[in-house]
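Going left to right, the sequence shown walks through residues 115 to 274 as our numbering numbers them. The next block holds one structure in the form of structure tokens; read it before the comments.
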Amino acid sequence: MQCRKFTKADAKQVSRLMIKAFASFLGDKINTMMDGFTPGVFAKESNRKDASGETISFVVEDKGKIVGYMRVTAARNGLGSLATVGVDPECFSHGVGKMLMKKAEDFWGRKQQRKIGTCVSAHNKRALIYYIKNGFIPVGYRKDHFVVGVDEIILDRFLQ
């Protein structure tokens, strides 16, 4: 397995991966989010720079198949984010998330980020444990945030 920067050529595989990953905990509720999981969205949103900062994405590839994806940001004000992460359910507990987090930490360090924010679906216990193991602390709660019936836990991690 190797972890590398996302390229636009990865967009179709990443789209399929993220639908599969999010369906593993959202079930049928994934249907309300499909517009955000198209190859076009991933191609456009995965790597970009603007006046406020930079977004970069990473994939983990195993024998030509993308099995993990993470999109992170670094803002000029030092407040980065972990926008999204997904791992093929067939690859849970194989180190994919660890590889992605290492790339993100390296990026945030280079960009001198002070604090990273993210959120996780409250009923997605596997992901919540992943975030806590990686130094994130629950700081808030959003009821029915992205999807009605799915609450989100807000998490922060201080790097400096």
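Backbone N, C-alpha and C fix where the C-beta goes; we use that ideal spot for every residue, glycine too.
Paired residues, beta bridge with residue i - DSSP
i: E159; result: Paired residue(s): none; E159 is not in a bridge.
i: L193; result: K229
i: M184; result: F172, V199
i: L269; result: T232, P252
Residue i beta carbon near the ligand HEM (any heavy atom closer than 8 Å)
i: F156; result: Among the components modelled here there is no ligand, and therefore nothing to report on the ligand HEM.
C-alpha distance - residue i paired with residue j, whole-angstrom precision
i: R256; j: V181; result: 29 Å
i: L269; j: H208; result: 24 Å
i: I169; j: F120; result: Reading the sequence as shown, one finds Thr at residue 169 and not Ile. Taking the straight line from one Cα to the other gives about 11 Å.
i: F145; j: A123; result: In the sequence as displayed, the identity of residue 145 is Asn instead of Phe. So the alpha carbons of these two residues sit roughly 24 Å apart.
i: P203; j: R271; result: 25 Å
i: F156; j: V128; result: 7 Å
i: V262; j: M147; result: 11 Å
Anticipated Cβ contact below 8 Å, residue i with residue j, distance rounded
i: V253; j: K143; result: Not really, about 24 Å apart at Cβ, beyond 8 Å.
i: G200; j: Y183; result: 5 Å
i: E167; j: T152; result: Note that residue 167 is Gly in the sequence shown, not Glu. Actually they do not touch by this definition, with Cβ atoms about 24 Å apart.
Beta-carbon proximity of residue i to residue j, cut-off 9 Å
i: E175; j: R118; result: yes
i: Q227; j: A165; result: no
i: A230; j: G194; result: Reading off the sequence, residue 230 comes out as Ile, not Ala. Yes, Cβ-Cβ distance for I230 and G194 is below 9 Å.
Opening and closing residue of the beta strand (DSSP E) in which residue i lies
i: S171; result: 167–176
Enclosing alpha helix (DSSP H) for residue i [first to last residue]
i: Q127; result: 125–140
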